[in-house]
Amino acid sequence: MFEKEYLEIYDSYGNRTGKKALKSIIHKRGIYHTTIHLWIYTKKGDVLIQKRSINKILNPGVWDVSVAGHIHFNESYIDALVRETLEETGIAINITELSKLGVYKSSTKSGGITDNEFHHTYIIQLDKKYIDLNFKNQEVDELKLISLNEMKSLLKNSKKNFFIGINKKYYKDVVEEITRKTIKNY
């Protein structure tokens, strides 16, 4: 439940403070915290994206990273990644197949909330047969696979309702790493 979720407070440099606060307070006050992002892609280079539920407070109805979620107080990045992937895609991932891309600072405002985060970003290649494009729940309205070229085009042309945030380096790094990994496959 949104009101009962505790997150760890971070400073503006991405350092843990050891303090916690309710997620609602963190967003209301714009306090720094951490999230996980996972980009799922196929051997062919198709990228899984999700359409956030229209009922979400932050960025409703916007297409986003395959998986994104908050790291609860005293939860590890990997545990949060496994939990959120199952919640948002129905996929149980093998953590040994993860590649960490990096940590990206992000600051966005939406619906009266200031969201100051550090995204711990990972990528993973999955066989298309493990991806259920019909999966949806209270957080996710739709899943779809797009080609890397389509993703590049959407990022370049800044289509409305595609991709949260404006950190061009973040998206450039994601596209470059998935491109690099898929080229290795051929």
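Following the numbering used here, the numbering of the sequence shown begins with 1 at its first residue and continues without gaps. All C-beta atoms, glycine included, are put in the ideal place defined by N, C-alpha and C.
query                                                                                                            : result
CB-CB length for residue 82 against residue 145, believed under 8 Å                                              : Actually they do not touch by this definition, with Cβ atoms about 22 Å apart.
DSSP-derived helix/strand/coil call for residue 64                                                               : strand
Beta bridge counterpart(s) of residue 170 as assigned by DSSP                                                    : Answer is none; residue 170 lacks a bridge partner.
Every unbroken alpha helix (DSSP H) within the region 76 to 127, with a cutoff of 4 residues, ordered by chain   : 77 to 89
Runs of beta strand (DSSP E) lying entirely within the region 15 to 57, each at least 3 residues, in chain order : 16 to 22, 33 to 41, 47 to 52
With 16 other Cβ atoms within 10 Å as the buried cut-off, status of residue 23                                   : buried
C-alpha gap between residue 50 and residue 35, whole angstroms                                                   : 16 Å
Residue range of the alpha helix (DSSP H) that includes residue 154                                              : 148 to 157
Test item: CB-CB of residue 119 and residue 107 under 8 Å                                                        : no
Local Cβ density within 10 Å of residue 95, reported as buried at 16 or more and exposed below that              : exposed
Host beta strand (DSSP E) of residue 9 (start-end)                                                               : 6 to 10
Collapsed DSSP secondary structure at residue 136 in the structure displayed                                     : coil
Exposure of residue 91, with buried meaning 16 or more beta-carbon neighbours within 10 Å                        : buried
Close beta carbons around residue 61, own chain, < 8 Å, minus the five adjacent residues each side               : 51, 52, 53, 54, 141, 161
Given residue 111 as reference, the closest of 104, 20, 27 once Cα atoms are compared                            : 27
Own chain, CB closer than 6 Å to residue 128, minus 5 neighbours either side, in chain order                     : 42
Burial state of residue 17, where buried means 16 or more other Cβ atoms lie within 10 Å                         : exposed
Presumed contact (8 Å Cβ cut-off) between residue 122 and residue 7, rounded CB distance                         : In fact, because the Cβ distance is near 19 Å, the residues do not count as touching under 8 Å.
Residues bridged to residue 144 [DSSP beta-bridge criterion]                                                     : 49
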